[in-house]
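Protein chains in written order, with my numbering: chain R, 6 to 368; chain U, 6 to 368.
Glycine included, each C-beta is placed from N, C-alpha and C at the ideal position.
As the structure is a computational prediction, the values presented were derived from the model and not from experiment.
Before any comments, here is the structure.
Protein chains: 2
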Amino acid sequence: MFEELSSKPAAWLSGAGPQAGIVLSSRVRLARNLLRCKFPPAADVELRRKVVGEVRSAIERSILLKSGKFFQNGDLGGMDRDFLVERHVISPEFMKAGEGHGLYLGEDESLSVMVNEEDHLRIQALTSGLEVGRAHELATQADAELSANLVFDYDEEFGYLTACPTNVGTGLRASVLIHLPALVLTREIDSVINRVTKVGWAVRGFYGEGTDVLGNLLQLSNQTTLGRSEQEVLEGLEKVTRQVIEYEESARYVLLRDAKEQIEDKIWRAYGILRFARVLTSGEVMNLLSAVRLGLGMGVLKEIPLGLVNELLLLCQPAHLQKFAGREMEPGERDAVRAELARARIEKALSGGANGPGNSKTA
Amino acid sequence: MFEELSSKPAAWLSGAGPQAGIVLSSRVRLARNLLRCKFPPAADVELRRKVVGEVRSAIERSILLKSGKFFQNGDLGGMDRDFLVERHVISPEFMKAGEGHGLYLGEDESLSVMVNEEDHLRIQALTSGLEVGRAHELATQADAELSANLVFDYDEEFGYLTACPTNVGTGLRASVLIHLPALVLTREIDSVINRVTKVGWAVRGFYGEGTDVLGNLLQLSNQTTLGRSEQEVLEGLEKVTRQVIEYEESARYVLLRDAKEQIEDKIWRAYGILRFARVLTSGEVMNLLSAVRLGLGMGVLKEIPLGLVNELLLLCQPAHLQKFAGREMEPGERDAVRAELARARIEKALSGGANGPGNSKTA
Numbered sequence: 006m007f008e009e010l011s012s013k014p015a016a017w018l019s020g021a022g023p024q025a026g027i028v029l030s031s032r033v034r035l036a037r038n039l040l041r042c043k044f045p046p047a048a049d050v051e052l053r054r055k056v057v058g059e060v061r062s063a064i065e066r067s068i069l070l071k072s073g074k075f076f077q078n079g080d081l082g083g084m085d086r087d088f089l090v091e092r093h094v095i096s097p098e099f100m101k102a103g104e105g106h107g108l109y110l111g112e113d114e115s116l117s118v119m120v121n122e123e124d125h126l127r128i129q130a131l132t133s134g135l136e137v138g139r140a141h142e143l144a145t146q147a148d149a150e151l152s153a154n155l156v157f158d159y160d161e162e163f164g165y166l167t168a169c170p171t172n173v174g175t176g177l178r179a180s181v182l183i184h185l186p187a188l189v190l191t192r193e194i195d196s197v198i199n200r201v202t203k204v205g206w207a208v209r210g211f212y213g214e215g216t217d218v219l220g221n222l223l224q225l226s227n228q229t230t231l232g233r234s235e236q237e238v239l240e241g242l243e244k245v246t247r248q249v250i251e252y253e254e255s256a257r258y259v260l261l262r263d264a265k266e267q268i269e270d271k272i273w274r275a276y277g278i279l280r281f282a283r284v285l286t287s288g289e290v291m292n293l294l295s296a297v298r299l300g301l302g303m304g305v306l307k308e309i310p311l312g313l314v315n316e317l318l319l320l321c322q323p324a325h326l327q328k329f330a331g332r333e334m335e336p337g338e339r340d341a342v343r344a345e346l347a348r349a350r351i352e353k354a355l356s357g358g359a360n361g362p363g364n365s366k367t368a
Numbered sequence: 006m007f008e009e010l011s012s013k014p015a016a017w018l019s020g021a022g023p024q025a026g027i028v029l030s031s032r033v034r035l036a037r038n039l040l041r042c043k044f045p046p047a048a049d050v051e052l053r054r055k056v057v058g059e060v061r062s063a064i065e066r067s068i069l070l071k072s073g074k075f076f077q078n079g080d081l082g083g084m085d086r087d088f089l090v091e092r093h094v095i096s097p098e099f100m101k102a103g104e105g106h107g108l109y110l111g112e113d114e115s116l117s118v119m120v121n122e123e124d125h126l127r128i129q130a131l132t133s134g135l136e137v138g139r140a141h142e143l144a145t146q147a148d149a150e151l152s153a154n155l156v157f158d159y160d161e162e163f164g165y166l167t168a169c170p171t172n173v174g175t176g177l178r179a180s181v182l183i184h185l186p187a188l189v190l191t192r193e194i195d196s197v198i199n200r201v202t203k204v205g206w207a208v209r210g211f212y213g214e215g216t217d218v219l220g221n222l223l224q225l226s227n228q229t230t231l232g233r234s235e236q237e238v239l240e241g242l243e244k245v246t247r248q249v250i251e252y253e254e255s256a257r258y259v260l261l262r263d264a265k266e267q268i269e270d271k272i273w274r275a276y277g278i279l280r281f282a283r284v285l286t287s288g289e290v291m292n293l294l295s296a297v298r299l300g301l302g303m304g305v306l307k308e309i310p311l312g313l314v315n316e317l318l319l320l321c322q323p324a325h326l327q328k329f330a331g332r333e334m335e336p337g338e339r340d341a342v343r344a345e346l347a348r349a350r351i352e353k354a355l356s357g358g359a360n361g362p363g364n365s366k367t368a
């Protein structure tokens with residue numbers, strides 16, 4: 006499964022959106038539940054299967070969603086699930102326990118729907134760069150089309166009802182994936198995270214709650230869904246993101262002013278190692294790509310496109326590597342294949358073919 | 006002084022001699038003193054000046070030595086002296102204290118004569134690779150031509166008399182500069198050094214007695230000059246060197262067999278950093294060049310010629326860098342210029358011009 010995707014970046018990683026130098030992607034997720042139907046954690050397999058069936062048929066009748074694919078538990082192996090987690094399409098726990106789950110995945114992955122995750126539906130839209138509004142439009146359009154054939158559990162006072170109280174209300178979670186290497190280097194990151202959290206935003210690592218700050222990538226998102234309109238959340242997220250971008254940009258300015266040589270050295274060494282190393286761990290590659298990404302943003306380095314760096318962030322993850330190699334691999338073997346892939350992709354970009362499949366085995 | 010040499014490698018670093026993959030150079034030094042004349046440490050300035058004059062006139066009448074240049078104290082500044090120390094032409098203390106010293110430097114630096122170092126004459130020949138015999142021929146020929154116009158202090162029983170008893174006899178010191186990275190990586194180096202020292206050979210760092218083992222470079226030389234014929238010393242050194250080469254080669258074999266990926270990774274990373282770093286300390290550059298040199302020897306890497314790596318070992322030293330830049334520099338500035346020089350030279354070699362002056366300021 007997903008062999009055709011394994012060497013292809015998701016559209017939201019194209020590096021083409023607004024502010025894409027610092028903001029990798031924007032995401033909007035809507036939680037919806039069917040009226041008079043137990044929430045998935047409380048439902049038995051039969052009920053969950055029924056819900057999957059109803060949602061699937063609503064998806065098939067939707068115009069926006071008809072070009073994608075629908076998967077059920079049996080369709081996906083463990084590696085497929087890991088692969089989708091790496092692509093930010095599903096949550097790590099989704100589809101792991103029991104039958105009766107479904108997944109809709111749109112053609113370019115900008116739209117997806119998890120069926121029977123914590124809620125009956127989790128509609129998700131992902132866009133490149135800082136485009137929370139556009140992501141929201143996409144998700145809302147999908148929501149509207151689906152609600153034509155599904156009746157959602159909606160309370161006049163509370164709004165959409167959800168399995169977890171933190172999602173009640175709009176059911177909306179909006180987030181951005183943001184790259185803050187200069188704030189990490191100048192050691193201002195903790196103070197920035199504090200300020201952002203204090204005004205009500207959640208800050209998480211690359212893969213959501215509880216994950217490490219790998220590659221200096223953070224997710225900013227709203228904490229609450231009750232008592233704030235969708236518009237307030239979206240505008241608030243955009244505003245706080247622009248503020249964090251400003252902090253990051255001034256940290257970059259300070260680095261260039263006070264430690265130009267050291268920062269350039271760090272960037273170019275990272276580039277040199279990516280181009281030539283024979284062994285790269287998952288953690289190291291994230292940090293090297295982060296440094297090169299910073300170099301592109303600061304104009305220090307121009308050799309490779311931003312999209313390739315984003316792409317490698319994804320393709321160098323374990324499940325992607327194993328899909329790429331066509332077999333399961335031990336971590337040690339993955340480290341060699343990861344280095345090979347990074348070399349091959351960069352060589353390809355340097356020789357003028359950045360957008361090809363890059364599955365050449367030589368570098 | 007020496008501006009024309011500062012971006013040029015010495016002939017003995019060409020990488021063209023036998024076993025040049027492991028042995029950088031061979032050196033033979035003959036200590037000679039004039040009959041009935043106090044040794045330099047005991048001589049006053051007037052006497053030292055007289056000796057310089059006599060030796061200089063003998064050099065000018067020699068056929069072999071007439072193409073070089075002769076320098077006296079006033080000719081050389083501190084940086085010039087450091088430069089010559091880096092080129093292995095003079096000893097670190099030479100010409101530092103008092104007047105009355107001289108230096109003959111042959112055109113391609115394969116022959117040189119220090120006048121009034123510890124002895125009146127130190128005739129030195131340097132050749133590329135393992136060619137102790139050829140170095141000895143050169144030094145002996147110079148010795149013979151000089152002795153036509155100088156009377157050396159020679160005792161029928163003891164041989165040549167010298168200021169320090171360790172040089173009495175043949176006055177010969179023969180040495181090789183050898184690169185042993187695999188023995189260092191496999192941690193066998195100490196045991197090899199022990200074996201070599203036990204059978205009577207001295208082992209020193211790159212810059213002679215008491216210097217660090219920078220860049221995994223060691224000097225092997227004879228300890229004594231009394232009671233062993235020149236032939237015994239030369240053959241013995243060649244034999245022990247061939248033995249050490251074998252140890253190094255089998256350590257390389259073991260590395261490729263047991264840790265191929267790790268060693269290739271180390272080599273390629275070193276190459277990547279040399280190609281792109283913006284800051285390189287003197288110690289780091291030696292270790293990076295050592296790894297790349299190992300890569301060339303093991304056939305892991307073929308991008309640049311061995312001669313360039315040898316050349317960079319020399320050109321990246323502090324006095325060479327300052328000569329190259331045409332000004333004195335603080336260590337921090339040197340680190341940036343060193344990285345720039347390494348990049349420029351490697352780029353030049355990659356674009357097909359390895360032998361040019363490489364003084365381009367862009368990389």
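Asked, Found
"Other residues of its chain near residue 368(U): CB distance less than 7 Å, five sequence neighbours each side excluded", "Per-residue confidence for residue 368(U) stands at a pLDDT of 33, beneath the threshold of 50, marking its modelled position as unreliable; no derived number is given."
"CB of residue 158(U) within 8 Å of CB of residue 39(U), strictly", "yes"
"Local Cβ density within 10 Å of residue 80(U), reported as buried at 16 or more and exposed below that", "exposed"
"C-alpha distance - residue 112(U) paired with residue 136(U), whole-angstrom precision", "19 Å"
"Rounded straight-line distance, which links the Cα of residue 295(U) to that of residue 275(U)", "9 Å"
"For residue 176(U), the nearest candidate out of 184(U), 233(U), 192(U) (CA to CA)", "233(U)"
"Any beta strand (DSSP E) of 3 or more consecutive residues that is wholly inside the stretch 68-98 of chain R", "74-77"
"Among 261(U), 28(U), 73(U), 318(U), the one whose alpha carbon lies nearest that of residue 303(U)", "261(U)"
"Sub-8 Å separation of residue 116(U) and residue 182(U) beta-carbons", "no"
"Listed by chain order, chain U residues near residue 284(R) by CB distance under 8 Å", "266, 267, 270"
"Supposed close pair residue 105(R), residue 57(R) - CB separation, criterion 8 Å", "6 Å"
"Start-to-end residues for the beta strand (DSSP E) that takes in residue 119(R)", "116-120"
"Beta-carbon proximity list for residue 231(U), same chain, < 6 Å, skipping 5 on both sides", "173, 174"
"Between the CA atoms of residue 338(R) and residue 25(U) - distance to the nearest angstrom", "35 Å"
"Sub-8 Å separation of residue 168(U) and residue 45(U) beta-carbons", "yes"
"Proximal residues, the stretch 325-353 of chain R versus chain U, C-beta separation under 7 Å", "341"
"Cβ-Cβ separation, residue 186(R) to residue 355(R) (assumed contact under 8 Å), whole Å", "The Cβ separation is near 23 Å, so there is no contact."
"Residue-level contact to chain R via CB, residue 232(U), 8 Å cutoff", "no"
"Chain U contacts from the stretch 30-41 of chain R (Cβ-Cβ distance under 7 Å)", "none"
"Environment of residue 68(R) [buried if 16+ CB atoms lie within 10 Å]", "exposed"
"Partner residues on chain U for residue 278(R), Cβ-Cβ distance less than 8 Å", "274, 277, 278"
"Whether residue 7(R) touches residue 88(R) by CB criterion (8 Å)", "yes"
"Below-8 Å beta-carbon distance, residue 281(R) vs any chain U residue", "yes"
"Own chain, CB closer than 7 Å to residue 66(U), minus 5 neighbours either side, in chain order", "154"
"Own chain partners of residue 334(R) with C-beta closer than 6 Å, once the 5 adjacent residues on each side are dropped", "327"
"Cβ-based neighbour list, residue 191(R), same chain, cut-off 7 Å, excluding 5 preceding and 5 following", "256, 259, 260"
"Pair within 8 Å by beta-carbon distance, residue 228(U) and residue 205(U)", "yes"
"DSSP three-state assignment for residue 130(R), whether helix, strand or coil", "strand"
"Residue 293(U) beta carbon less than 8 Å from that of residue 279(U)", "yes"
"The beta strand (DSSP E) enclosing residue 181(U), as first and last residue numbers", "177-184"
"CB of residue 94(U) within 8 Å of CB of residue 110(U), strictly", "yes"
"Residues near residue 366(U) by beta carbon distance below 6 Å, same chain, minus five either side", "Only weak support exists for where residue 366(U) lies, its pLDDT of 37 falling under 50; the coordinates are left without a value."
"Residue 264(R) (DSSP reduced to helix, strand or coil)", "coil"
"Beta-carbon gap between residue 92(R) and residue 34(R) smaller than 8 Å", "no"
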